[in-house]
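Each residue of the sequence shown is one higher than the one before, starting from -3 at the first, in my numbering. Don't be surprised by glycine CBs; every beta carbon is placed ideally from N, CA and C. Being a predicted model, the structure only gives us computed values, none of them experimental.
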Amino acid sequence: MAEAEAPSPAIYIPDEWSEAAAAIAHGSVAPPPPTALVCGAKNCGKTTFSRHLLNVLLRRYKRVAYLDTDVGQPEFTPPGFLSLTIVDKPTPDLTIPCLKTPERCFFFGDISAKRDPAAYLKCIYALYDYFCKGHRSLNSKEDTAVVGLPLVVNTPGWVKGVGYDVLVKTLRYVSPNHVVKINISAESKNLPPGHFWLDEDYDETVHLIEIKSARQDSFNRSVLTQKDAHLLRDMRITAYFRQCFPNSSNITKIKELAHALASHPPYEVPISSIKIKHLHCQVQGYMSPYMSTDVLPTS
């Protein structure tokens, strides 16, 4: 991952994006610090904008909280996790994510919320509650512009059907004071115009910022970039488990990683201290004379 963190001069940040990030970071001097949620269609640039916003916020604040709800393409963790990470250093390369240890995370166990939207929302609510309890209390004698902890919430690109309902519930629970909605030229793929998540009573405290995708063709139309999601997930998993081995280890593929892990000394714990929970479905348990009553078989 060290090689991947080198600066990339090829990244393009439109003026519209820079103005949006600056408006969030410097729009108010009064507490609480900004909470910004980034949403939009799949592959429209949500993660890249979120990374850019993190860097802009870090010019004013010592630390920034990052709530990642994209279980398929997470920013700082392997796939399948929802996490809250406290960031204190800018990201030099906006094109490639880097692994960080989250302050709190949940293993959702899937790369999409489709199988269990209720459990997915429960994880988001718990992470946001943890953030509010631990990081939204300030000492009045301290400079809020330096000490306050802003929050950036990155969301997946599933914005139709149940995915839209999940996004609306997330917005209503988090209640951000800044919502960045990234639009593409294909109108049918975009979210509804305006404050779509609010009821009839308009909330003037919410600042909605609508920007265009940075990816455009020769006719100035937004273009959805098709990413090899499976390959990107493999890279993240490999990078995560490579932490178990010396930096000199030549592990670049999943098969090489599997062999290395198989030969690695296992971590042993007594079976009596193990509890197993099967995610997203109910499995009828059975008792074995070799198993603790706390263990529920998954198959």
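Measuring only the C-alpha atoms, how far is residue i from residue j?
i, j, result
"serine 244", "arginine 238", "10 Å"
"cysteine 101", "proline 75", "12 Å"
"glutamine 278", "proline 10", "48 Å"
"tryptophan 193", "leucine 33", "12 Å"
"aspartate 64", "phenylalanine 77", "8 Å"
"arginine 132", "tyrosine 116", "23 Å"
"leucine 80", "leucine 49", "16 Å"
"asparagine 297", "asparagine 179", "Nothing in the structure corresponds to residue 297, since the chain is present only between -3 and 295."
"histidine 191", "glutamate 12", "20 Å"
"aspartate 84", "leucine 53", "10 Å"
"histidine 260", "threonine 234", "15 Å"
"leucine 228", "histidine 255", "20 Å"
"histidine 226", "glycine 159", "21 Å"
"threonine 31", "phenylalanine 103", "24 Å"
"arginine 217", "lysine 177", "Residue confidence for arginine 217 is low, a pLDDT of 49 falling below 50, so the modelled location carries little weight; the figure read from the coordinates is stated next. Those two C-alpha atoms are separated by around 17 Å."
"alanine 21", "tyrosine 8", "20 Å"
"serine 181", "proline 28", "35 Å"
"glutamate 71", "isoleucine 250", "20 Å"
"methionine 287", "isoleucine 272", "With a pLDDT of only 46 at methionine 287, under the threshold of 50, the placement of this residue in the model should not be trusted; the figure read from the coordinates follows. The straight-line gap from Cα to Cα measures roughly 12 Å."
"leucine 253", "serine 171", "42 Å"
"isoleucine 270", "leucine 257", "21 Å"
"phenylalanine 127", "isoleucine 120", "11 Å"
"valine 162", "aspartate 195", "16 Å"
"threonine 248", "alanine 16", "38 Å"
"aspartate 66", "isoleucine 107", "8 Å"
"asparagine 51", "cysteine 240", "29 Å"
"arginine 232", "proline 242", "17 Å"
Can you tell me whether DSSP reads residue i as helix, strand or coil?
i, result
"proline 14", "The sequence given here places serine at residue 14; proline does not occur at that position. DSSP places serine 14 in helix when its eight states are reduced to three."
"threonine 31", "strand"
"valine 219", "Here the model assigns valine 219 a pLDDT of 47, short of 50, so the residue's position is not dependable, and the following value carries that caveat. Note: valine 219 maps to coil in three-state DSSP."
"arginine 229", "helix"
"aspartate 125", "helix"
"valine 158", "helix"
"isoleucine 250", "helix"
"aspartate 89", "coil"
"threonine 81", "strand"
"leucine 145", "coil"
"valine 170", "helix"
"asparagine 135", "Its pLDDT being 48, under 50, asparagine 135 is placed unreliably by the model, and nothing is read from it."
"histidine 72", "Per the sequence presented here, residue 72 reads as phenylalanine, with histidine not at that position. Here phenylalanine 72 sits in coil by DSSP."
"phenylalanine 103", "strand"
"leucine 117", "helix"
"alanine 182", "coil"
"asparagine 39", "coil"
"leucine 194", "coil"
"asparagine 243", "coil"
"leucine 95", "coil"
"alanine 235", "helix"
"leucine 53", "helix"
"serine 214", "Residue placement at serine 214 cannot be trusted, given a pLDDT of 47 that sits under 50; what the coordinates show is reported in the next sentence. DSSP places serine 214 in coil when its eight states are reduced to three."
"isoleucine 272", "coil"
"valine 176", "strand"
Kindly indicate which residue of the options has the alpha-carbon position closest to the one of residue i.
i, options, result
"cysteine 35", "Cys240, Leu227, Pro189", "Pro189"
"glycine 41", "Lys208, Ala258, Ser181", "Lys208"
"leucine 145", "Asn39, Glu264, Ile82", "Ile82"
"lysine 165", "Ala114, His260, Arg229, Phe241", "Ala114"
"glutamate 200", "Ala37, Cys240, His174, Pro98", "His174"
"arginine 55", "Ala210, Tyr160, Ala18, Gly157", "Ala18"
"threonine 87", "Gly68, Thr43, Arg111, Tyr124", "Thr43"
"lysine 110", "Gly68, Phe127, Cys128", "Gly68"
"histidine 274", "Ala21, Pro70, Asp112", "Asp112"
"valine 148", "Ser108, Gly157, Asn246, Tyr124", "Tyr124"
"serine 184", "Leu163, Gly105, Gly157", "Gly157"
"aspartate 230", "Thr73, Glu99, Gly23", "Thr73"
Please report the Cβ distance between residue i and residue j, rounded to the nearest whole angstrom; I am assuming they are in contact, meaning their Cβ atoms lie under 8 Å.
i, j, result
"asparagine 150", "serine 14", "Asparagine 150 to serine 14, Cβ: 18 Å. No contact."
"alanine 61", "valine 155", "Between valine 155 and alanine 61 the Cβ distance is about 23 Å, and since that is not below 8 Å, they are no contact."
"asparagine 246", "glycine 153", "Rounded, the Cβ-Cβ distance is 35 Å, inconsistent with contact."
"glycine 23", "histidine 203", "7 Å"
"leucine 95", "tyrosine 236", "6 Å"
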